[in-house]
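Right, one structure below, let's go through it.
2 protein chains.
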Amino acid sequence: MQKAKRTYVGLDIGGTNIKSALVCNGTIKKRIKLPTKARTGVKGVLIQIRAAINPFMKEASGIGIGIAGIIDSKKGIVRFSPNLPGWHNVKLANILQKEFNVRVHVLNDVNAFCLGEWQYGAARGYDNVFLFTLGTGVGGAAICEGKPLFGATGFAGEFGHSVIKYNGPACPCGNRGCLERYVGARYIVARAKRKMMKQRSTLNRYEKITPHVIADEARRGDTVAREVFEETGFYVGIGVTNIIALFDPDVIVISGGVSRAGKVLFDAIRKTVKQRVLGARYRRTKIIRGRLGDTAGMLGAVYVASKHK
Amino acid sequence: MQKAKRTYVGLDIGGTNIKSALVCNGTIKKRIKLPTKARTGVKGVLIQIRAAINPFMKEASGIGIGIAGIIDSKKGIVRFSPNLPGWHNVKLANILQKEFNVRVHVLNDVNAFCLGEWQYGAARGYDNVFLFTLGTGVGGAAICEGKPLFGATGFAGEFGHSVIKYNGPACPCGNRGCLERYVGARYIVARAKRKMMKQRSTLNRYEKITPHVIADEARRGDTVAREVFEETGFYVGIGVTNIIALFDPDVIVISGGVSRAGKVLFDAIRKTVKQRVLGARYRRTKIIRGRLGDTAGMLGAVYVASKHK
Chain Z
1 MQKAKRTYVG LDIGGTNIKS ALVCNGTIKK RIKLPTKART GVKGVLIQIR AAINPFMKEA
61 SGIGIGIAGI IDSKKGIVRF SPNLPGWHNV KLANILQKEF NVRVHVLNDV NAFCLGEWQY
121 GAARGYDNVF LFTLGTGVGG AAICEGKPLF GATGFAGEFG HSVIKYNGPA CPCGNRGCLE
181 RYVGARYIVA RAKRKMMKQR STLNRYEKIT PHVIADEARR GDTVAREVFE ETGFYVGIGV
241 TNIIALFDPD VIVISGGVSR AGKVLFDAIR KTVKQRVLGA RYRRTKIIRG RLGDTAGMLG
301 AVYVASKHK
Chain H
310 MQKAKRTYVG LDIGGTNIKS ALVCNGTIKK RIKLPTKART GVKGVLIQIR AAINPFMKEA
370 SGIGIGIAGI IDSKKGIVRF SPNLPGWHNV KLANILQKEF NVRVHVLNDV NAFCLGEWQY
430 GAARGYDNVF LFTLGTGVGG AAICEGKPLF GATGFAGEFG HSVIKYNGPA CPCGNRGCLE
490 RYVGARYIVA RAKRKMMKQR STLNRYEKIT PHVIADEARR GDTVAREVFE ETGFYVGIGV
550 TNIIALFDPD VIVISGGVSR AGKVLFDAIR KTVKQRVLGA RYRRTKIIRG RLGDTAGMLG
610 AVYVASKHK
């Protein structure tokens with residue numbers, strides 16, 4: 001009798017696109033990308049999810065899904081997803097399990113990213129890992145003593161909503177002084193715009209200021225753009241200092257669009273951590289970039305699916 | 310052949326006292342307390358440690374030690390202990406192993422506390438636990454997905470040196486705005502003294518103001534004392550909000566002398582958490598007091614020793 005192939009479908013569901021891949025032993029065999037059509041609500045997005053799964057189902061023995069939001073990964077329920085209007089308490093694993101007749105695992109997209117980088121990427125071989133993403137939002141996830149940390153309700157790792165200044169500016173989440181309120185993409189852009197009013201900058205050439213554009217100009221040496229990422233790195237560094245104090249990871253992996261800023265950002269993060277962290281001389285915490293790019297989420301989701309057959 | 314008894318010596322080494330017990334199956338059979346004599350340096354304290362172990366060694370098959378400071382629990386090395394002058398890179402496990410000819414495990418005292426409460430006390434049966442101590446300093450430790458979190462170098466759980474205000478007051482650790490800088494015993498006392506200058510208070514009757522005295526007067530209804538603990542609870546609540554965002558524990562256990570303040574402190578912590586934490590409506594995080602008192606550390610240290618025979 002031939003042994004069944006360990007082939008799975010991995011999905012990464014974001015507010016804009018659904019990425020989907022057929023994965024075998026940690027290698028992507030085929031992949032597709034579809035629009036999420038978030039505005040069409042739960043029903044409309046489910047149509048897109050099915051369309052992202054269908055082409056691969058003949059060969060697959062399970063499905064793993066990473067999705068942004070507050071996810072109860074133990075029950076496979078999407079509690080709430082800020083970029084998917086109408087998604088409240090959607091039993092995603094249940095719905096798809098019935099339709100496709102295979103086990104479906106749903107987890108937070110950043111948890112999936114972390115698992116991907118841990119199993120196949122930058123954090124391979126380490127027992128204590130913290131990964132965070134810098135982008136529109138700031139997400140996080142941890143591996144603790146060789147086990148992924150989901151937490152009591154599957155919400156662990158919410159780095160973006162850890163507080164770095166208790167009386168800081170109000171965050172849309174209802175809290176104050178959250179890290180995301182300082183380093184989320186829109187706040188980085190706002191900071192650049194404030195500085196551009198006071199100082200000359202090559203950023204003035206651009207019609208639309210994005211973190212990507214600021215990162216490019218920072219690398220080219222523009223003072224304003226560099227300052228923006230030095231400050232961003234300082235705030236991120238405070239958050240990282242807290243992560244090191246609490247988790248003491250071997251390695252901290254940074255991914256997401258904003259991390260493209262590279263050296264200017266990473267130097268500022270490392271400088272802040274070095275100045276701030278307790279017992280720095282006894283630690284060797286590595287702070288590095290993710291290696292898998294946007295495939296990390298699909299690979300990590302499949303890893304979970306393959307572990308819980 | 311008779312099966313060897315699972316009997317161990319558990320130590321809790323603080324800056325003032327060494328507590329020691331003979332423990333069998335999670336039950337304390339005998340216990341003693343000796344002065345640490347911290348000022349006598351490494352050699353002097355080692356004499357006291359030996360004296361705390363000796364009476365129990367006939368019956369014991371291993372030793373577990375909880376000790377305050379930066380402890381490399383994987384190697385059994387005391388890197389640095391703020392209350393034990395001269396203790397730098399002391400290979401405590403090695404030294405005692407040779408002398409007593411049994412396995413010796415050394416871990417941070419708060420990790421030992423957490424393990425004790427998890428195995429035998431307030432956090433029994435939960436997979437995700439965060440314990441912290443409020444006292445002279447503020448320590449912390451976590452159980453993640455059913456495993457104690459030590460971290461890459463054994464320094465995980467440094468709750469007291471997590472930042473709640475990045476531009477806050479300087480902390481003796483070298484960082485700024487650490488939680489301990491707001492709620493460590495000496496800062497609570499300083500806050501009370503500032504308030505006593507402006508407002509009438511029953512605290513004026515006391516010659517020496519301690520957190521214990523403030524807690525007593527808060528329970529009796531003194532406005533100044535209540536305000537002190539309401540503010541303390543607010544700052545602790547910010548720290549706890551970060552713990553919930555990052556660890557998503559089932560239960561948060563609070564121990565240490567300052568937690569004696571009781572309701573006024575706990576109400577303020579819970580109020581802050583409720584207002585601040587992301588996804589509060591989907592969580593059921595319990596915030597409770599430790600149950601084992603000062604025996605938690607010895608029991609937790611023995612638990613580790615019994616696990617690694």
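These protein sequence lines map, in sequence, to chains Z and H.
Once you know that position 238 of the first sequence is 238 in our numbering, the rest is easy, because the numbers rise by one and skip nothing.
Position in the second sequence (first residue = 1) + 309 = our numbering.
Beta carbons are placed, not taken as given, at the ideal position from N, Cα and C, and that holds for glycine.
Item, Value
"Backbone CA spacing between Z/G121 and Z/V253 [nearest angstrom]", "10 angstroms"
"Residues in the region 64 to 88 of chain Z having any Cβ partner in chain H nearer than 8 angstroms", "I70, D72, R79 and F80"
"Endpoints, alpha helix (DSSP H) assigned at Z/V273", "K263 to R276"
"Minimum Cβ-Cβ distance from Z/V304 to chain H less than 8 angstroms", "no"
"Nearest-angstrom Cα separation, counted from H/L401 out to Z/R191", "51 angstroms"
"Proximity winner among Z/K193, Z/N204, Z/R205 and Z/V189, relative to Z/H212 (alpha-carbon distances)", "Z/V189"
"Any non-hydrogen atom of the ligand MG within 7 angstroms of H/G395 CB", "The ligand MG is absent from the structure shown, which contains no ligand whatsoever."
"Minimum Cβ-Cβ distance from Z/C114 to chain H less than 8 angstroms", "no"
"Cβ-based neighbour list, H/E489, same chain, cut-off 7 angstroms, excluding 5 preceding and 5 following", "G446, V447, G469, H470 and C480"
"Beta-carbon spacing of H/E454, Z/C114 below 8 angstroms", "no"
"Interface flag, H/S471 vs chain Z, CB-CB below 8 angstroms", "yes"
"Contact with chain H by Z/A245, beta-carbon distance below 8 angstroms", "yes"
"CA-to-CA distance, Z/T232 to Z/L134, given in whole angstroms", "10 angstroms"
"Top-ranked residue by Cα proximity to Z/I13, from Z/A112, Z/N128, Z/I28 and Z/K30", "Z/A112"
"Where the region 571 to 594 of chain H meets chain Z: residues whose CB sits under 8 angstroms from a CB there", "Q584, R585, V586, L587, G588, Y591, R592, R593 and T594"
"Cβ-based contacts, 9 angstroms cut-off: residues of the region 351 to 364 of chain H near chain A", "Note that chain A does not occur in the displayed structure, where the protein chains are Z and H."
"Environment of H/H414 [buried if 16+ CB atoms lie within 10 Å]", "buried"
"Residue environment, Z/I67, which counts as buried when at least 16 other CB atoms sit within 10 Å", "buried"
"Residue of H/V419, H/A450, H/E368 and H/K456 minimising C-alpha distance to H/G434", "H/K456"
"Where the beta strand (DSSP E) through Z/K58 begins and ends", "Element bounds for Z/K58: n/a, residue is neither H nor E."
"Spatially closest choice to H/V613 from H/T325, H/N326 and H/G335, by CA coordinates", "H/G335"
"Residue-level contact to chain Z via CB, H/E646, 8 angstroms cutoff", "Here chain H comprises residues numbered 310 to 618, so residue 646 of chain H is not present and cannot be evaluated."
"First through last residue of the beta strand (DSSP E) which encompasses H/D557", "No beta strand (DSSP E) contains H/D557, which DSSP labels as neither H nor E."
"Candidates Z/G15, Z/V102 and Z/G290, of which the one nearest Z/T7 by Cα", "Z/V102"
"Pairwise C-alpha distance: H/G373 and H/K312", "In this prediction, H/K312 has a pLDDT of 44, which is less than 50 and means its spatial position is unreliable; what the coordinates show is noted afterwards. Using only the alpha carbons, I get a separation of about 21 angstroms."
"Coil, strand or helix - Z/F155 by DSSP", "coil"
"Rounded C-alpha distance that separates H/S615 from Z/P169", "49 angstroms"
"Identity of the residue in H/R600, H/C487 and H/T519 nearest Z/L246 by Cα", "H/C487"
"Short CB-CB distance (under 8 angstroms) between H/E454 and chain Z", "yes"
"Any C-beta of chain Z under 8 angstroms from that of H/L458", "yes"
"Proximal residues of chain H, C-beta to C-beta of Z/F334 below 8 angstroms", "Chain Z is shown only over 1 to 309; residue 334 of chain Z falls outside these bounds and no answer can be derived."
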